[in-house]
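Enquirer:
There are 2 protein chains.
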Amino acid sequence: MGMYMDVHHGMTGITGDQLRAAHEADLAVEKEENVHFEKAWADPATGTVYCLSTGPSAEAVQRVHERAGHTADEIHEVPLTV
Amino acid sequence: MGMYMDVHHGMTGITGDQLRAAHEADLAVEKEENVHFEKAWADPATGTVYCLSTGPSAEAVQRVHERAGHTADEIHEVPLTV
Chain A
1 MGMYMDVHHG MTGITGDQLR AAHEADLAVE KEENVHFEKA WADPATGTVY CLSTGPSAEA
61 VQRVHERAGH TADEIHEVPL TV
Chain B
101 MGMYMDVHHG MTGITGDQLR AAHEADLAVE KEENVHFEKA WADPATGTVY CLSTGPSAEA
161 VQRVHERAGH TADEIHEVPL TV
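Protein chains in written order, with the numbering used here: chain A, 1 to 82; chain B, 101 to 182.
1) Run through DSSP, which three-state label would A/A40 get?
2) Does chain A have any CB closer than 7 Å to the CB of B/D143?
3) Name, please, each residue of chain A whose Cβ falls closer than 8 Å to the Cβ of B/T112.
4) Given a cut-off of 7 Å, decide if A/R63 and A/E33 are closer than it, judged by their beta-carbon atoms.
5) In chain order, what residues of the same chain have a beta carbon less than 6 Å from the beta carbon of A/M11, not counting five sequence neighbours either side?
6) Give the interface partners of A/E77 over in chain B, defined as CB-CB distance under 8 Å, in chain order.
7) Contact criterion: CB-CB distance below 7 Å. Does B/A168 meet it with respect to chain A?
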């Protein structure tokens with residue numbers, strides 16, 4: 001299992017309710033891929049969303065986001081944390 | 101006070117010890133700016149580092165990183181969290 005930080009662009013103006021709904025859509029399907037989305041942070045001004053997850057691979061993380069309707073623009077494995 | 105996600109590029113091959121040393125350099129000077137660096141995650145493969153902090157402004161966050169010797173490439177205020 002690894003830890004992943006993924007990034008979504010183009011979400012300018014996203015609201016707290018929209019972020020929560022997107023996160024819940026991930027949680028609803030993540031078990032199929034053995035992924036867990038831990039946290040997400042959004043910058044509505046530039047439309048950037050960061051999601052932190054654990055899972056077996058970046059591809060598995062992306063499949064969850066795809067099924068939830070919001071493909072990530074970048075996914076980085078982040079094996080180092082402090 | 102806001103929450104900020106900043107991004108550093110060009111850190112390819114960063115080690116756990118280097119990430120820890122960089123984070124400790126931030127912690128050593130952050131109080132001058134009323135900033136606190138909470139967490140950092142690194143992807144050594146693409147050389148990307150994400151730092152999560154709280155502070156009064158993106159400029160204050162950047163001044164801490166500058167004094168610690170590692171200017172951020174992007175700083176996003178992230179008022180929405182889930």
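Just so it is clear, CB atoms sit at the ideal spot from N, CA and C, and this is done for glycine as well.
Expert: The structure says:
1) Stepping through the first sequence from its first residue, residue 40 of chain A is reached at position 40. If DSSP states are grouped into helix, strand and coil, A/A40 belongs with the strands.
2) The count along the second sequence starts at 1 and reaches residue 143 of chain B at position 43. Yes, B/D143 counts as interfacial toward chain A.
3) Start at 1 with the first residue of the second sequence, and residue 112 of chain B comes out as number 12. Per Cβ cutoff of 8 Å: no residues; B/T112 is ~12 Å from chain A at best.
4) By 1-based counting over the first sequence, the position of residue 33 of chain A is 33. By 1-based counting over the first sequence, the position of residue 63 of chain A is 63. Yes. Within cutoff.
5) Taking the first residue of the first sequence as position 1, residue 11 of chain A is located at position 11. G47 and V49, listed in sequence order.
6) Locating residue 77 of chain A in the first sequence gives position 77, counting from the first residue. Neighbours of A/E77 on chain B, chain order: D143 and A145.
7) Here residue 168 of chain B refers to the residue found at position 68 when the second sequence is read from its first residue. No, B/A168 lies away from the interface with chain A (no Cβ there is under 7 Å from its Cβ).
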